[in-house]
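Q: Quick note on numbering: the sequence shown equals residues 94 to 374 in the numbering used here. Glycine is no exception: its CB is placed at the ideal position from the N, C-alpha and C atoms. Sending over a structure as structure tokens; questions will come in a sec.
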Amino acid sequence: MKLLRYGPAGQEKPGVLDEQGQVRDLSDHVQDFAGDGVSLDALNTLRALDLSQLPLVAEPGRIGACLATVPNFYCIGLNYAKHAAETGMAEPAEPIVFNKATSALSGPNDPVIIPRGAEKADWEVELGVVIGKEALYVSEADALDHVAGYCVINDMSERSFQIERGGQWVKGKSAPTFGPTGPWLVTADEVPDPQNLRVSLMLNGETVQDETTDDMIFTVAQIISHMSQFMKLVPGDIIATGTPSGVGMGMKPQRFLKPGDVMELTIDGLGIQRQETVAAK
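What follows is the structure in structure tokens.
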């Protein structure tokens, strides 16, 4: 299934794409996509529905983030070999895990606001993993059984906040609109191999990131298993699994976002995002 949320910001309704790519309303069957609303049990209930009998949404309008809220917004750093190389950093021995503020969550086509004082706003297309079942001390072999689905994420970053201001990376990752997510939550049964997906981002029509997820240093299964040794992952948690090479920080000379820039992101089978950057007021 390809699940989505449509409507004005703060008033989104849950929907699903039918076989013809049309939006069908799920409001009578699920309150929203968050927490237990994206548990494996909840998704199995939705799978039993006859989509052709659901109300057709002729003009869905704005598409919101595919999750209404998230308990935790986790990220993995330096997880593509070529990206680690472009930053001049050694490949990590274990996954680098950090947080992004949950308030950064935004729609896939909403404007991205460059925050006040920003000097080095940067882009990062990433494969997002949504947890559908509690995961604690899970093995690598069982890890993918805890996945509800996958989505596109732009892990927006402000590098001067992230690297030059001390403290933890979360400061450079968490401005409002720094977490475009969606357009769809694609259930795990439609993604047989998360390590065989093309991930790309265009900036102002120029392809700057273009890689496959087999360049990941740690696989999705390894990430989930590793994280579950230290914390309990719960339904609705999202994990941004790292970005490929081609970020502005890695370019020579470095290149960063300015108001009016347009980013277009896509991952095989997971849909397309498009954001224009604007300056904070």
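Could you give the distance in angstroms between the alpha-carbon of Ala185 and the alpha-carbon of Ala373?
A: Position 92 of the sequence shown, counted from the start, is the residue given in the question as residue 185. Position 280 of the sequence shown, counted from the start, is the residue given in the question as residue 373. The sequence shown places Pro at residue 185, rather than the Ala named in the question. The straight-line gap from Cα to Cα measures roughly 34 Å.
Q: Give me the residue from Gly210, Val223 and Trp262 with the minimum Cα distance to Val284.
A: Your numbering for residue 284 matches position 191 in the sequence shown. When each option's Cα is compared against that of Val284, the closest is Val223.
Q: Mind checking Arg117: buried by the 16 CB within 10 Å criterion, or exposed?
A: Within the sequence shown, the letter at position 24 stands for residue 117. Under this definition Arg117 is a buried residue.
Q: Spatial neighbours of Ala377 within its chain, please: CB distance less than 7 Å, with the 5 preceding and 5 following residues excluded, ordered by chain position.
A: In the structure as shown, the chain begins at 94 and stops at 374. Residue 377 is therefore absent and cannot be evaluated.
Q: According to DSSP, is Gln315 part of a helix, a strand, or is it coil?
A: Here the question's residue 315 lines up with position 222 in the sequence shown. Note: Gln315 maps to helix in three-state DSSP.
Q: Can you give the beta carbon distance from Glu217 to Ser253, rounded, assuming they're within the 8 Å contact cut?
A: By 1-based counting over the sequence shown, the position of residue 217 is 124. By 1-based counting over the sequence shown, the position of residue 253 is 160. Rounded, the Cβ-Cβ distance is 15 Å, inconsistent with contact.
Q: Under 8 Å Cβ to Cβ from Leu198, same chain only, skipping five residues before and after it: list those, please.
A: Residue mapping note: residue 198 aligns to position 105 of the sequence shown, counting from 1. Same-chain partners within the cutoff: Ala158, Leu160, Thr162, Val163, Phe166, Gly272 and Thr274.
Q: Once DSSP output is grouped into helix, strand and coil, what is the label at Asn137?
A: Numbered from 1 along the sequence shown, position 44 holds the residue referred to as residue 137. Helix.
Q: Within this structure, are the beta carbons of Asp129 and Pro107 separated by less than 8 Å?
A: By one-based count along the sequence shown, residue 129 stands at place 36. By one-based count along the sequence shown, residue 107 stands at place 14. Not a contact, by the Cβ cut-off of 8 Å.
Q: Quick one, which of Lys95, Gly181, Trp262 and Ala314 has its alpha-carbon nearest Phe191's?
A: Residue numbering aside, residue 191 sits at position 98 when the sequence shown is read from its first letter. Of the candidates Lys95, Gly181, Trp262 and Ala314, the one whose C-alpha sits nearest the C-alpha of Phe191 is Trp262.
Q: Rounded to whole angstroms, what's the CA-CA distance from Ala178 to Pro148? Just pull it up for me.
A: The residue labelled residue 178 in the question sits at position 85 within the sequence shown. The residue labelled residue 148 in the question sits at position 55 within the sequence shown. Answer to the nearest angstrom: the Cα atoms are 50 Å apart.
Q: Does the stretch 223-234 come close enough to the stretch 319-327 to have 3 or more Cβ pairs within less than 8 Å?
A: Counting Cβ pairs under 8 Å, three or more are found: they touch.
Q: Should the stretch 240-256 be called in touch with the stretch 327-341, which here means at least 3 C-beta pairs below 8 Å?
A: Taking 8 Å as the limit for Cβ pairs, the verdict is that the stretch 327-341 does touch the stretch 240-256.
Q: Spatial neighbours of Pro153 within its chain, please: CB distance less than 6 Å, with the 5 preceding and 5 following residues excluded, ordered by chain position.
A: Here residue 153 refers to the residue found at position 60 of the sequence shown. Taken in chain order, the residues that qualify are Tyr99 and Val116.
Q: To the nearest angstrom, how far is the alpha carbon of Gly385 from that of Leu119?
A: A question about residue 385 goes unanswered here, because the residues of the chain that appear run from 94 up to 374.
Q: Using only alpha-carbon positions, find the residue among Gly210, Ile256 and Gly353 that is nearest to Pro204.
A: For the purposes of this step, residue 204 is taken as the residue at position 111 of the sequence shown. Minimum Cα distance to Pro204 is reached at Gly353.
Q: Got a sec: does the ligand ATP put a non-hydrogen atom nearer than 7 Å to the Cβ of Trp262?
A: In the structure on display, the ligand ATP does not appear, and there are no ligands present to speak of.
Q: With 16 other CB atoms within 10 Å as the buried threshold, where does Gln347 fall?
A: Within the sequence shown, numbered from 1, the residue matching residue 347 stands at position 254. Flag for Gln347 reads exposed.
Q: Which runs of the alpha helix (DSSP H) spanning at least 4 residues fall entirely within the stretch 146-232, listed in chain order?
A: Fully enclosed alpha helix (DSSP H) runs of 4 or longer: 174-180.
Q: Do Gly329 and Leu278 come within 8 Å of each other at the CB atom, strictly closer than that value?
A: Locating residue 278 in the sequence shown gives position 185, counting from the first residue. Locating residue 329 in the sequence shown gives position 236, counting from the first residue. No.
Q: Do Thr306 and Leu363 have their C-beta atoms within less than 8 Å of each other?
A: Sequence index remark: in the sequence shown, residue 306 carries index 213 (1-based). Sequence index remark: in the sequence shown, residue 363 carries index 270 (1-based). No, these two residues do not count as a Cβ contact at 8 Å.
Q: Roughly how far, in whole angstroms, is the beta-carbon of Gly225 from the beta-carbon of Leu296, given that I think they are within contact range, below 8 Å?
A: On the sequence shown, position 132 is the one that residue 225 refers to. On the sequence shown, position 203 is the one that residue 296 refers to. 33 Å between Cβ atoms; not a contact.
Q: What's the gap between the Cα of Asp282 and the Cα of Ser267?
A: Along the sequence shown, one-based indexing puts residue 282 at 189. Along the sequence shown, one-based indexing puts residue 267 at 174. Going from the Cα of Asp282 to the Cα of Ser267 covers about 31 Å.
Q: So the alpha helix (DSSP H) Val263 belongs to, where does it begin and stop?
A: Residue 263 sits at position 170 when you count from the first residue of the sequence shown. Taken as a continuous stretch (DSSP letters only), the alpha helix (DSSP H) holding Val263 covers Val263 to Lys266.
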